[in-house]
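Report on the structure given below.
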Amino acid sequence: MVGGGQLARMTHEAGIPLGIKFKLLSDTPQDSAAQVVSEVVIGDHRDLDTLRDFARGCDVITFDHEHVPTEHLRALEADGIPVRPGPDALVHAQDKGVMRAKLDEIGVPSPRHRIVKDPADAAAFAREVSGAQRLDEGRWPGAGRAGGFPVILKTVRGGYDGKGVWFVRSEEEARDPFLAGVPVLAEEKVDFVRELAANIVRSPHGQAVAYPVVESRQVDGVCDTVIAPAPDLDPELAGQAQQLALRVAKELGVVGHLAVELFETTDGRILVNELAMRPHNSGHWTQDGAVTSQFANHVRAVLDLPLGDPRPRAKWTVMCNVLGGDYPDMYAAYLHCMARDPQLKIHMYGKDVKPGRKVGHVNTYGDDLDDVLERARHAAGYLRGTIVE
């Protein structure tokens, strides 16, 4: 696995019961997965020679991030190394411009968008979107929004957890995204009720499974809470989201886990926001809430083993991220959290605690959603130090 973060750590854990020998390419020995994997290579995933040396002797290469250069992955494939997901699929998670063009080509609904070259072009896009929205009002009541701005600007590569994304209210505010000198994607600001995620796993021979569609709640651009399944989601819309994710995986040739992040709009549609081709934060609930976790199914998929049952174990499962705060000794909080809620599942990543940094997550489950939500939020807050009783 290329990448030493928490996703690699939890994927390794899922492979242990299967006796999978796991080799890791990590940036530093202190990375989350490097602390627990026995065979670790320290090196730069952007260096082709390092990748080739690392891949030697591996049956398959997979990832816990999307940042390996596409041309390097093609070189590994040319060397005869199976790469899953392969570069032809992964480029759609690496490059938002490529992703949007492909989704348009296969007829998958997305926010209105185009690549813009400078702040003036971003302003022109805002005016175009405003005019198109007014035309749509007759077809989708409430879809229109007066004026051009605001719009969303994104660097086409490298963004995550709200980084590389700007909410822009004027041409003046549109300057910052262009400072990096990389292409910028402009998207309409979608009027949405909430964010959803459809997680699926697909194997090389085409077997695929779909997890229940979840609601994902963000705070400052970072995932805070995931509720599985999404409360009060129309069953027909949930089915559409699952079918959409399965179709995207097939059309793009995805192998492994695919997370399709979605907007549920105010007028009852779903639009694709982002794609991730690796285990994903919106699927962490599956560790304790599904028959087979996203991590176990990702391992099965990349090794072309039969996939496991994705069905939930409980009526409701809630995942809350634990972010670093001003309370560095989180282990001291275990006594309270575990005694208060014996069913609580705590997953910590072995990271140094820094304000706002994802250092772990908690999962709770049960039959009463309000109770399950309260338990998860209390535990995450107590571990962070924002709740002290």
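The numbering of the sequence shown is my numbering, which starts it at 2 and goes up by one. Ideal placement from N, C-alpha and C gives every residue a C-beta, glycine not left out.
Residues 15, 287, 288 of the same chain have their beta carbon placed closer than 7 angstroms to that of residue 294, with the five preceding and five following residues left out of the count. The three-state reading of DSSP puts residue 304 in coil, since its state is none of H, G, I, E or B.
Secondary structure in the stretch 156-239: the beta strand (DSSP E) runs of 3 residues or longer, each lying completely within the stretch, are 166-169, 185-189, 193-203, 209-211, 215-220, 223-229 in chain order. Around the CB of residue 124, 16 or more other CB atoms lie within 10 Å, so the residue is classed as buried.
In this structure, the beta-carbon distance from residue 25 to residue 5 falls below 8 angstroms.
Burial is judged here by how many other beta carbons sit within 10 angstroms of a residue's own beta carbon; residue 233 has fewer than 16 and is exposed. Pairing residue 10 with residue 110 gives a Cβ-Cβ distance that is not under 8 angstroms. Distances from the alpha-carbon of residue 352 to those of 311, 361, 334, 346 put 361 closest.
Taking 8 angstroms as the cut-off, the Cβ atoms of residue 149 and residue 131 count as close. Straight-line spacing of the CA atoms in residue 114 and residue 334 works out to 46 angstroms.
Excluding five sequence positions before and after residue 319, the CB atoms of its chain that fall closer than 6 angstroms to its own CB belong to 228, 365, 373, 374, 377, given in chain order.
Across the structure, residue 208 and residue 108 are spaced so that their CA atoms are roughly 23 angstroms apart.
Under DSSP, residue 153 forms a beta bridge with 168, 188. Per DSSP, reduced to three states, the secondary structure at residue 115 is strand. In the DSSP annotation of this structure, the continuous segment of the beta strand (DSSP E) that includes residue 321 starts and ends at 317-324. Residue 216 and residue 339 have their C-alpha atoms some 26 angstroms from each other.
A residue is called buried once 16 or more other Cβ atoms fall within 10 Å of its Cβ, and residue 201 is buried on that count. Residue 241 and residue 105 have their C-alpha atoms spaced approximately 17 angstroms apart. Annotation: the stretch 64-106 contains the following complete segments of the alpha helix (DSSP H) (minimum length 4 residues), in chain order: 71-79, 88-95, 97-106. DSSP places residue 12 inside the alpha helix (DSSP H), whose first and last residues are 7-16.
Between residue 43 and residue 33, the gap from beta carbon to beta carbon reaches 8 angstroms or more.
Per DSSP, the continuous beta strand (DSSP E) segment holding residue 349 begins and ends at 346-349. If you look at residue 382, you'll find it in the alpha helix (DSSP H) that goes 370-385.
The C-alpha of residue 72 is placed about 28 angstroms away from the C-alpha of residue 21.
Distances from the CA of residue 309 to each of 79, 316, 296 were compared; the closest alpha carbon is that of 296. In this chain, the beta strand (DSSP E) harbouring residue 277 covers 271-277.
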